[in-house]
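Asker: Chains as they are written, first to last, in my numbering: chain D, 1 to 256; chain A, 1001 to 1256; chain Y, 2001 to 2256; chain P, 3001 to 3256. Cβ coordinates follow ideal geometry from the N, Cα and C atoms, glycine included.
#1: Under the three-state reduction of DSSP, which class applies to residue 60 (chain D): helix, strand or coil?
#2: Closest to residue 1015 (chain A) by C-alpha separation, out of A:1226, A:1085, A:1076 and A:1024, would be which residue?
#3: Alpha carbon to alpha carbon, what distance is there between residue 1241 (chain A) and residue 2034 (chain Y)?
#4: Would you decide whether residue 45 (chain D) is buried or exposed? Buried here means 16 or more other CB atoms lie within 10 Å of its CB.
#5: What residue range does the beta strand (DSSP E) around residue 20 (chain D) cover?
#6: Please report the straight-line C-alpha distance between residue 2117 (chain Y) and residue 163 (chain D), rounded to a whole angstrom.
#7: Quick check: residue 1094 (chain A) and residue 1221 (chain A), are their CB atoms within less than 8 Å of each other?
#8: What residues from the stretch 225 to 239 of chain D come within 7 Å of chain A, judged by C-beta to C-beta, listed N to C?
#9: Where does residue 2217 (chain Y) sit, in a helix, a strand or coil, going by DSSP?
#10: Kindly indicate if chain P contains any beta-carbon less than 8 Å away from that of residue 2060 (chain Y).
#11: Looking at residue 2096 (chain Y) and residue 2073 (chain Y), is the spacing between their C-beta atoms short of 8 Å?
#12: At a Cβ cut of 8 Å, what residues of the stretch 2038 to 2049 of chain Y count as close to chain D, listed as they run along the chain?
#13: Could you tell me whether the Cβ atoms of residue 3138 (chain P) and residue 3195 (chain P) are closer together than 8 Å?
#14: Using Cβ-Cβ distances below 7 Å, what residues of the stretch 2119 to 2135 of chain Y are close to chain P?
#15: Between the Cα of residue 1026 (chain A) and the Cα atoms of D:123, D:48, D:168 and D:28, which residue gives the shortest distance?
#16: Using beta carbons (cut-off 8 Å, strictly below), is residue 1194 (chain A) in contact with chain Y?
#17: Using a Cβ cut-off of 7 Å, pull out every chain P residue sitting near residue 30 (chain D), in sequence order please.
#18: Report the three-state DSSP secondary structure of residue 1074 (chain A) (helix, strand or coil).
#19: Smallest Cα separation from residue 3013 (chain P): which of P:3003, P:3052, P:3110 and P:3069?
#20: With DSSP collapsed to three states, give me the class of residue 2126 (chain Y).
#21: Please return the same chain residues whose Cβ sits closer than 8 Å to the Cβ of residue 101 (chain D), not counting the five positions on each side in sequence.
#22: Under 8 Å between C-beta atoms, does residue 3033 (chain P) make it to chain D?
#23: Quick one: grab the DSSP three-state call for residue 3002 (chain P).
#24: Quick one: using the 10 Å Cβ neighbour count with 16 as the cut-off for buried, is residue 3256 (chain P) buried or exposed?
#25: Between residue 2239 (chain Y) and residue 186 (chain D), what straight-line distance do the alpha-carbon atoms span, to the nearest angstrom?
#26: Let me confirm a value: residue 70 (chain D) is counted as buried when at least 16 other C-beta atoms fall within 10 Å, else exposed. Which label applies?
#27: Pull up the distance between the alpha-carbon of residue 89 (chain D) and that of residue 30 (chain D), whole angstroms please.
#28: Would you kindly work out how many angstroms separate the C-alpha atoms of residue 3176 (chain P) and residue 3192 (chain P), rounded to a whole number?
#29: Got a sec? Which residues, its chain only, sit under 6 Å from residue 3151 (chain P) by beta carbon, not counting five neighbours each side?
#30: With a threshold of 6 Å on Cβ separation, who are the neighbours of residue 1213 (chain A) within its own chain once the five nearest residues in sequence on each side are excluded?
#31: Should residue 2 (chain D) be labelled buried (16 or more other beta-carbon atoms within 10 Å of its own) or exposed?
#32: Classify residue 1247 (chain A) as buried or exposed, calling it buried when 16 or more other Cβ atoms lie within 10 Å of its own Cβ.
#33: Please list, in chain order, all residues of the same chain as residue 3249 (chain P) whose beta carbon is under 8 Å from its beta carbon, the five residues on each side excluded.
#34: Please report how far the alpha carbon of residue 2169 (chain Y) lies from the alpha carbon of residue 3132 (chain P), in whole angstroms.
#35: What first and last residue would you give for the alpha helix (DSSP H) that runs through residue 161 (chain D)?
#36: Count the other C-beta atoms from every protein chain shown that fall within 10 angstroms of the C-beta of residue 2218 (chain Y), then say buried if there are 16 or more, exposed otherwise.
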């Protein structure tokens, strides 16, 4: 039996550092607008095709792209080339674990040239892409328990430090589980994982360092990144309601 | 003699959590687009008035808003109300240190109601705003030394973990210096600080934990957040050129 | 033999007039931004699915949506609902001619309630949608011959009046040909037509009123709106090159 | 006594035609998104400074920019250069009538080179700009009487043809009155005029051709374009309420 795999796309702005220097020094506000607009455009494009993009570093994004073909990647690259003053290159990796898929994507893209090279423009480094039948994604939607109470009683920056503490710890933890972990804004995180069981995830997150913040989570499994995220969010909503005194529900949901 | 002060605005999406639930579970991609669009709009608006907004948590942003009046804040709130499916509330704090200014902004905004309340909409909590003559901002632009080499030879997620390590450590460090610290994307960070000397900053950053990444920085001082950021970027560019074998230059620049 | 048909979607902002009044009188700049952002979002969404949206009146748009299903229309409506402070309703019409298809779309949408009613929200009025196998679109890309010379030697508003003269005449002409005609900006227009021959179109456009501007055109035929537009643009480019002294080419191109 | 004058800025995308050809033939959807995004960015930027931009032809826009300095125009050009794959050039004209101001802006900009030249990039052609004390703008907000009834009972394209008929007639009429006339979308138009009296405007609009649509209007006078538009909208709202059976009100309002 063939194990289902996940397809991860690494997206890099080409020659970004050298280009930003051409804008002069009064540029940070413009770069911030540009990065946000690029992410908005890419998220709109990939999610229309049932993918999901994580902003990660903004100049370098990671996406779950199960079922999205090479030609569709090329089309999104052409959109960026038409709408923005720079191009983006992409590498596509496929593996049983998301972590190894991004290693593969990184290696293939690095083999085509440096991210800061003038010569690498709109490259798409790819060996294979997955059809939906071969594809699988598991996503865990995590949030902080009681964030409203914290946020309403702590100072803004204090809350931010505590969230970044959780962010860093979760990245480290999920990296060790052959997974990827991303911050979504607010008190929300998403992990893209191999087939981890609910018990396994619960055990890991209950060992969570005491100076971090208490967490809750929902797990979704589906063929596409967007569907897995939807199911994970559905389960997290169930947990939220259960915490608020409603019925208890399982933390995991699988798409048929 | 009156010491110059900094004006910090805390921006919060009103009733965001409960509102997101009304979108159903297939929502994360939409929320990501919405958060990026809101930040893009706010950055455009505040920077036109020489402020600078940091995305911080996206549902809660912090901005240096020296010289931006109460009426101008109200106008930006009206823009958001017209363009987005939600409103934003803001608190404005003024103090010698950016850290205490955000404490003040947080307290005043919290006093008007919870961020997750249906009743708090488009509130502007403010005691005073600064004219440019009274205002002062110091910004430190920090980046990672040799990030291109790291990024071209490590895997994407590995680099991200190392950058988040630096992010968390820098937040902790600058919090202790009565400062605020923000991630800008890529390998870039900005600290908003009181009047710290270059020697002081150098000493702190050279004690930087060994598992973090090596850093370099430029300091800018000016009446507005945007100008201070411009000068900090200018100095950081000088350091970059110096590292690349050109002339050595000071790390600090002050606007007349 | 079944004649291929075209699928036209009419998109209306719900309750737009009454809603704009809630923004106060200092609103026109905000409405202009909002309309442009909505169009940008809808064009991105439909074109990802090989449709093409024309801004038409901005509060009411028309799109060629061959092959785009009811569920896909619903998803785009959900995106708008999540990202904007209002909703959009849509009617889908299918006919051999684009003109009759929009009549059908208009009637079906009107039957669900007034565009200025508070009760009609996110309606999708649809009897059938076309699979690609059943679908056909003919698009004519028209521009003004020698617009650069006119634009470089006339005053801005004078050129605009002359273009609007052409716009109105072309709308009238193509309306009589069971077609739809849209302004694209600049000196560019697109007509969505039934199966008109090149000779027919040439004859009509050479009878063009003398106070209008001289025109040239390319025709594209394909299953989807976006592909037909691409082929029409390709042919228009050939004509441009021919006019510039290169080879003569046919004005029409058909996708397999 | 010095008569107050109006400042009109003509904005042109540089080398747009030749650049669009580099995008290949499958480009129209991308150009539509790009034009809408550019307009959204320019409207946001100029309106923050109390100007008002009309999309006009999209590749060539006209704006009322009373009180907006040369340096502020330059900054907006730098924003565009940073955010878009092309640059924009601008000409600023100042005169007692908006029509002559755009003639002056057109001539000055044309003198710097063709809009389709590779050499003209980010030019700002300007002799003088107005301080607010010297500036004056009169704006007439016009809409179609009973458009909802028409729109709810006619077919979409039929209504569009009738609106374009009104559009063309209004452009011709206001051009003869030393004015500029712009479509805003929906059933809304705005004229930028010299000091025309209410009686004069009423007389002209009641002579309106019978195959056009019945109109109503409000007039606003103020130092800036945005304020004049706000007052014109306020008066038009009064007329709307009067038509709906409420109190009759004057059609004109003047800012102190």
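Answerer: Inspection of the coordinates gives the following:
#1: strand
#2: A:1085
#3: 43 Å
#4: With 16 or more neighbouring CB atoms inside 10 Å of its own CB, residue 45 (chain D) falls in the buried class.
#5: Note, residue 20 (chain D): premise wrong, no beta strand (DSSP E); alpha helix (DSSP H) at 16 to 21.
#6: 44 Å
#7: no
#8: 226, 229, 230, 233, 234 and 237
#9: strand
#10: yes
#11: no
#12: 2041, 2044, 2045, 2048 and 2049
#13: yes
#14: none
#15: The option with the nearest alpha carbon to residue 1026 (chain A) is D:48.
#16: no
#17: 3079, 3082 and 3083
#18: helix
#19: P:3110
#20: strand
#21: 5, 6, 7, 8, 93, 94 and 95
#22: yes
#23: The answer is coil: DSSP assigns residue 3002 (chain P) none of H, G, I, E or B.
#24: With a pLDDT of 49 at residue 3256 (chain P), under the threshold of 50, the modelled position of that residue is not reliable, and no figure is offered here.
#25: Cα to Cα, the separation comes out at about 54 Å.
#26: exposed
#27: 21 Å
#28: 12 Å
#29: 3159.
#30: 1144, 1162 and 1166
#31: exposed
#32: Because residue 1247 (chain A) sits at a pLDDT of 43, beneath the cut-off of 50, its placement in the model cannot be relied upon, and the following sentence gives the value as read from the coordinates. Under this definition residue 1247 (chain A) is an exposed residue.
#33: With a pLDDT of 45 at residue 3249 (chain P), under the threshold of 50, the predicted position of this residue should be treated as unreliable, though the coordinate-derived value follows. The answer, listed in chain order, is 3235, 3238, 3239, 3241 and 3242.
#34: 41 Å
#35: Taken as a continuous stretch (DSSP letters only), the alpha helix (DSSP H) holding residue 161 (chain D) covers 156 to 176.
#36: buried
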